[in-house]
Amino acid sequence: MQPAALFTVAALALALSGCSSEDPGASSGGGRQTACEKDTRKDIYVAGLSKQNAGLSVKLVESTPAPPAKLTNAMTFQVLDGAGKPLDGATVSVVPFMPDHGHGSQVAPVVTPKGNGTYEVANIYLAMAGLWRITVSVQTPGGAPQEIAFQFCVDG
Ligand SMILES: [Cu+2]
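For any residue, its number in our numbering is found by taking its place in the sequence shown, counting from 1, and adding 1.
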């Protein structure tokens, strides 16, 4: 009985030390999986990932780095209208936000229209590890603003 009890205590101590060794910001810590691997809310990055809202579609043509990572990212989006036609001349803005922490990024992304409905976005700065919602707002001339969001989790 005694040796078994001793073993249990040793195993527990080992598990606890493993738990607290990394990433104090993670809410559910520990284990072999990273916090992001466990997060079921995230989008899985693939080049060309596309989302629709109210007859508008926004395609993430590519991200640099790919998949998105902590710190500075650049992304190219293509905006398509309800008929699948590239939409130029829209006012596009991009806002990163951490829903779990209730804060955005201290760096403002810079959007540059590139034609054929594509908009290059620099300075998408994801300061912390965790889930980030990247909201793309599209204001068409004379139309109502539409928001389409991507969610990426970055480990740190
Ligand atoms: Cu945060």
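Where a beta carbon is used, it is the ideal one built from N, C-alpha and C, also for glycine.
Keeping to the same chain, check which residues put their C-beta closer than 6 Å to that of residue i; ignore five residues upstream and five downstream.
i    : result
K39  : none
I149 : K52, N54, V59 and V137
T35  : D156
Y126 : T73, S106 and V108
Flag this pair as yes or no: are the beta carbons of residue i and residue j separated by less than 8 Å?
i    : j    : result
P146 : Q140 : yes
V108 : N124 : yes
A130 : V155 : yes
Y62  : G49  : First, the amino acid is wrong: residue 62 is Val here, not Tyr. Cβ distance < 8 Å, so V62 and G49 count as in contact.
V122 : F78  : yes
Which residue's Cα is closest to the Cα of residue i: the options?
i    : options                  : result
V96  : E63, V112, M129 and G56  : V112
I45  : R134, Q79 and L72        : R134
F128 : T41, Q79, P69 and P114   : Contrary to the premise, residue 128 reads as Ala rather than Phe in this sequence. Per the Cα distances, P69.
M99  : S64, V80 and K71         : K71
P142 : L81, P110, A91 and A67   : A91
M76  : P114, A36, L57 and G157  : P114
L1   : L57, G103, H102 and D101 : Absent from the structure is residue 1, since the part of the chain shown begins at 2 and ends at 157.
Could you name the residues that DSSP lists as bridge partners for residue i?
i    : result
P87  : L81
L76  : Checking the sequence, you will find Met at residue 76 rather than Leu. Partner(s): S64 and V122.
V93  : V139
S58  : Q53 and L81
H104 : M99
E148 : S138
CB-CB under 8 Å to residue i, same chain, minus the five flanking residues each way: which ones, in chain order?
i   : result
S22 : Confidence is the limiting factor: at S22 the pLDDT is only 37, short of 50, which leaves the residue's position unreliable and the question unanswerable from this model.
P66 : N74
Assess, as a yes-or-no matter, whether the region 116-130 is touched by the region 81-97 under the definition of 3 or more beta carbon pairs within less than 8 Å. With a cut-off of 8 Å, the region 116-130 and the region 81-97 count as touching, because enough Cβ pairs lie within range.
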